[in-house]
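Colleague: Quick one: structure below, then a few questions.
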Amino acid sequence: MASNSEDIIRHIIRDIVAHSTTILKTRRTNLINEAVVGTASIEDSEISGDNSSLVPRPQPPLTPIPQIKHLFVSGIKSHIPVHAVSDTLAAFFVRAVVLDPFNEFHIERELTKDDVERLINSCVDCITSSNNPIYETIKMQVYFDSIFPAQADYLHREKMTRIANCSTILREITEVKTKNISIYEGLYRKIVTYVILRSHVGDLADIRVIREATAALESVFPQSELSAFISLSRVEKEAQLNGLSQLVTGIRLFNKQLGKGGETVDDLIVLCANELQDISKELSVQMEQTEEKIQMYMAVIDSYDAESEMSDSEIARVKSGIIFQRQYLMYLDALHDQLSRTKDALTQIGERFDETIRDLKSTCKAKTAVPVDQPMFIALANLWSNWMDELFLVAFRRGILDKIEYHSNLTENACLRERCNFEGQ
C-alpha cells in the first residue's frame, strides 16, 4: 500500500513538473515574441498620447553569459534553467494544496482519479501563476534555497565537465603501446591538444593557440621523450599529462606577461573585474529599489482604514508583497556578502600572481635558462585556474540574481495594480 502511494505521488509530481514546464516555456517564448512585436505598438501609443493602459510586463530572465566565449558557457546555462520546474517545487505545492482546507482534500483516505487530476491542475495553476505574491515568494524561496547553497557543487560539476571533455583524447593517448617513430608525430599532436583542452586556456580552433602550446610543450617535453612516455602505465601517463598541462599553461601565461605571445589567452583579470562591477552595480540598484518598495507598500497599508474601498483581499495582496520584498532583500544581501568575499579573493589571487611573475622574472635574470620544471610555472597555472573558478561563480550568481529579480518584477506588477486601484479611489 505504501509503495502504491509513493508511486502515485511520484506520478503526480512528474505530471506537475511536465505540465508546468511546458506552460512556462510557451509563455517565455510568447513574451519574447511580444517584446519584439509590441515595441512598435508601445511607441505608437506614446505618440498618440494614449498610454493609460500600458502595463509593464517583466521579461523572463535570460541567463547572462559574460564575454567568456568558450570558457564555460554550457556549464552556466545548464545549471541555471530559466523555465524548468524542479521536483522540489512541485512537491512543495502538492503539500501546500493538499493541506489547504479550502481545496477539500482528505488526507485520511486514498485519492481518487478525479482527486489526482484536480490536485495536478491546482498545483500547475499555482506554479504558473504570475500575479500572486504568495506563490512568487514560495517559488523564489525554493529556487534560491536549492541553488544558492550548492554553488560549490555546481563549480565541481563544471570542472568535472571540463575533465570529461578530455576523456576521448586522453584514452587515445594512453592506449598507445607501439613504439614506432611513424606514430610519434600524431601522438605528439594529440598531447598538444590534450594540454590545451585540460587547461581550458585558449581556443583549440585558433592556430596561434596550437603554435604557442606546441612551443611551450617542446621546451618541457620534446618528442624524443615519447618512447619513455609510452612505456609508462596508464595512471602514470595521465599524471604526467596533467603535469605537462600545468607547466605549458604556466609558461604561456609567463610569456604573455613578457609580451611574447599570449594574445589568444583570455584576460581573466579584466573579465572578473568587469563582471564583478556589473553585478555589484545591479545589486546596489535592486537593494535600493527594494527598500523603496517596502516603504511604498507600508504607506499603502498605513493609509488603509475602515472607510477605504480596498477589499480585504486587496490589502492582503499588498501585505504579501511586503513579505516577498523583505525576503527578496535578504537574498540580495546574501549575494552582496558573497560578492564582497569574492572581491577580496580576487585581490589576493592577483597579488600572488604578480608576485610569482616577479619571482620568475628575477630567476630569468639570474640564470641563462629557467628550469623547465620550475614550480612557479605550476603556481601560475593554479592561480589562473582560481581566477576561472571565481569568474564562473560570479557569472553563476548573476544568473541567480536575474532569476529572483524576475520573481520580484512579477510581484511588483501584482502589487502595483492594487496600489493604483487604491490611489484611484
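Under my numbering, residues 806 to 1230 are what the sequence shown spells out, in order.
Here a beta-carbon is modelled for each residue, glycine too, at the ideal position from N, C-alpha and C.
Between L1049 and the rest of its own chain, which residues show a CB-CB distance below 6 Å, the 5 nearest in sequence each way excluded?
Modeller: On the sequence shown, position 244 is the one that residue 1049 refers to. Result list for L1049: V1000 and F1026, in chain order.
Colleague: So, with DSSP's three-state summary, where would you put Y1211?
Modeller: Start at 1 with the first residue of the sequence shown, and residue 1211 comes out as number 406. In this structure, Y1211 counts as helix in the three-state DSSP scheme.
Colleague: Would you decide whether E1093 is buried or exposed? Buried here means 16 or more other CB atoms lie within 10 Å of its CB.
Modeller: Numbered from its first residue, the sequence shown carries residue 1093 at position 288. With fewer than 16 Cβ atoms within 10 Å of its Cβ, E1093 is classed as exposed.
Colleague: Alpha carbons only, please: which of V947, A1186 and F1129 is nearest the one belonging to R1057?
Modeller: Position 252 of the sequence shown, counted from the start, is the residue given in the question as residue 1057. Cα-wise, what sits closest to R1057 is A1186.
Colleague: For M1101 and I814, I'd like the C-alpha separation in whole angstroms.
Modeller: On the sequence shown, residue 1101 is found 296 positions in, with the first residue counted as 1. On the sequence shown, residue 814 is found 9 positions in, with the first residue counted as 1. Approximately 42 Å between the Cα atoms of the pair.
Colleague: Alpha carbon to alpha carbon, how far is H1005 from R1013? Give it in angstroms, no decimals.
Modeller: Position 208 of the sequence shown, counted from the start, is the residue given in the question as residue 1013. Position 200 of the sequence shown, counted from the start, is the residue given in the question as residue 1005. Straight-line Cα distance between these residues: approximately 15 Å.
Colleague: With distance defined between alpha-carbon atoms, name the residue in F897, T1069, M1181 and Y1211 nearest to Q1091.
Modeller: The residue labelled residue 1091 in the question sits at position 286 within the sequence shown. When only C-alpha atoms are compared, the closest one is Y1211.
Colleague: Quick one: grab the DSSP three-state call for F1034.
Modeller: By one-based count along the sequence shown, residue 1034 stands at place 229. In the structure shown, F1034 sits in a helix (DSSP, three-state: H, G or I).
Colleague: Go through its chain and collect everything with a Cβ distance to I939's Cβ below 7 Å, but skip five positions before and after it.
Modeller: The residue you call residue 939 lines up with position 134 of the sequence shown. Correct list, in chain order: S1125.
Colleague: Have a look at Q1143, T1216, N985 and V1040 and flag the residue whose alpha-carbon is nearest the alpha-carbon of R1131.
Modeller: The residue you call residue 1131 lines up with position 326 of the sequence shown. The candidate whose alpha carbon is nearest that of R1131 is T1216.
Colleague: Is L916 close to chain B? Criterion is C-beta to C-beta, closer than 8 Å.
Modeller: Among the chains of the structure shown, chain B does not appear; only one protein chain is present.
Colleague: Run through DSSP, which three-state label would C971 get?
Modeller: Position 166 of the sequence shown, counted from the first residue, corresponds to residue 971. In this structure, C971 counts as coil in the three-state DSSP scheme.
Colleague: Ignoring anything shorter than 4 residues or poking outside the stretch 895–947, list the alpha helix (DSSP H) runs there in chain order.
Modeller: Listed in chain order, they are 918–933.
Colleague: Does the pairing of the stretch 929–938 with the stretch 825–837 give three or more beta-carbon distances under 8 Å?
Modeller: Judged by Cβ distances under 8 Å, the stretch 929–938 makes contact with the stretch 825–837, as three or more pairs qualify.
Colleague: Between which residues of its own chain and L1031 is the CB-CB distance below 7 Å, once the five residues before and five after are set aside?
Modeller: Sequence index remark: in the sequence shown, residue 1031 carries index 226 (1-based). Answer for L1031: Y989, L992 and Y993, listed in chain order.
Colleague: By alpha-carbon positions, which one of K1042, L1052, A901 and N1214 ends up nearest to M1181?
Modeller: The sequence position of residue 1181 within the sequence shown is 376, counting from 1. The residue with the shortest Cα to Cα distance from M1181 is L1052.
Colleague: With a cut-off of 8 Å, do at least 3 Cβ pairs link the stretch 1062–1078 to the stretch 1186–1201?
Modeller: As far as the Cβ criterion goes, the stretch 1062–1078 touches the stretch 1186–1201, which means the pair count is three or higher.
Colleague: Note down the Cα distance separating Q1143 from V903, rounded to an integer number of angstroms.
Modeller: The count along the sequence shown starts at 1 and reaches residue 1143 at position 338. The count along the sequence shown starts at 1 and reaches residue 903 at position 98. Rounded to whole angstroms, Q1143 to V903 spans 37 Å at the Cα level.
Colleague: With DSSP run on the structure shown, which of helix, strand or coil describes F949?
Modeller: Locating residue 949 in the sequence shown gives position 144, where the first residue counts as 1. Looking at F949 - three-state DSSP - the assignment turns out to be helix.
Colleague: Which of the three DSSP states, helix, strand or coil, is assigned to E1097?
Modeller: Sequence index remark: in the sequence shown, residue 1097 carries index 292 (1-based). It is helical.
Colleague: Alpha carbon to alpha carbon, how far is E1160 from S1167? Give it in angstroms, no decimals.
Modeller: Working through the sequence shown from its first residue, we reach residue 1167 at position 362. Working through the sequence shown from its first residue, we reach residue 1160 at position 355. Cα to Cα, S1167 sits roughly 11 Å from E1160.
Colleague: If we ignore side chains and look at the alpha-carbon of each, how far apart do D892 and L1088 end up?
Modeller: Numbered from its first residue, the sequence shown carries residue 892 at position 87. Numbered from its first residue, the sequence shown carries residue 1088 at position 283. Each residue's Cα considered, the two are about 29 Å apart.
Colleague: Which value, in whole angstroms, describes the spacing of the CA atoms of K1148 and C971?
Modeller: As a first step, residue 1148 must be located in the sequence shown, where it is residue number 343. As a first step, residue 971 must be located in the sequence shown, where it is residue number 166. Roughly 31 Å between the two C-alpha positions.
Colleague: What are the start and end residues of the alpha helix (DSSP H) that includes K995?
Modeller: The residue you call residue 995 lines up with position 190 of the sequence shown. Note, K995: alpha helix (DSSP H), I986 to S1004.
Colleague: Could you check the C-alpha separation between E980 and I1015 for me, to the nearest Å?
Modeller: What you label residue 980 is simply residue 175 of the sequence shown in a count that begins at 1. What you label residue 1015 is simply residue 210 of the sequence shown in a count that begins at 1. Going from the Cα of E980 to the Cα of I1015 covers about 23 Å.
Colleague: What are the start and end residues of the alpha helix (DSSP H) that includes S1029?
Modeller: On the sequence shown, residue 1029 is found 224 positions in, with the first residue counted as 1. Run containing S1029: none; DSSP gives neither H nor E here.
Colleague: Alpha carbon to alpha carbon, how far is L1081 from S987? Give it in angstroms, no decimals.
Modeller: In the sequence shown, residue 987 corresponds to position 182, counting from 1. In the sequence shown, residue 1081 corresponds to position 276, counting from 1. Going from the Cα of S987 to the Cα of L1081 covers about 50 Å.
Colleague: Buried or exposed for D1071, going by 16 or more other Cβ atoms inside 10 Å?
Modeller: Along the sequence shown, read from residue 1 onward, the residue named residue 1071 stands at position 266. By the neighbour-count rule (16 or more Cβ atoms within 10 Å), D1071 is buried.
Colleague: From the DSSP output, in three-state form, read off Y1109 for me.
Modeller: For the purposes of this step, residue 1109 is taken as residue 304 along the sequence shown, with counting starting at 1. Y1109: coil per DSSP, three-state reduction.
Colleague: First and last residue of the alpha helix (DSSP H) that includes A1020?
Modeller: Taking the first residue of the sequence shown as 1, we reach residue 1020 at position 215. First-last of the alpha helix (DSSP H) with A1020: I1012 to V1025.
Colleague: Check the C-beta distance from L1234 over to T1019 and give it rounded, since I have them as a contact under 8 Å.
Modeller: As displayed, the chain neither begins before 806 nor continues past 1230, which places residue 1234 out of reach and without an answer.
Colleague: Using 10 angstroms around the beta-carbon of M1039, count the other beta-carbons present and answer buried if the total reaches 16, otherwise exposed.
Modeller: Sequence index remark: in the sequence shown, residue 1039 carries index 234 (1-based). Going by the sequence as given, residue 1039 is Arg instead of Met. Flag for R1039 reads exposed.
Colleague: Within 10 angstroms of its Cβ, does A895 collect 16 or more other Cβ (buried), or is it exposed?
Modeller: Counted from its first residue, the sequence shown places residue 895 at position 90. Its Cβ being crowded by 16 or more others within 10 Å, A895 is buried.
Colleague: Where does R1202 land, buried or exposed, given buried means 16+ other C-beta within 10 angstroms?
Modeller: Taking the first residue of the sequence shown as 1, we reach residue 1202 at position 397. R1202 is buried by the Cβ-count criterion.
Colleague: Spatial neighbours of D820 within its chain, please: CB distance less than 8 Å, with the 5 preceding and 5 following residues excluded, ordered by chain position.
Modeller: Working through the sequence shown from its first residue, we reach residue 820 at position 15. Cβ neighbours of D820 beyond the five flanking positions: I925.
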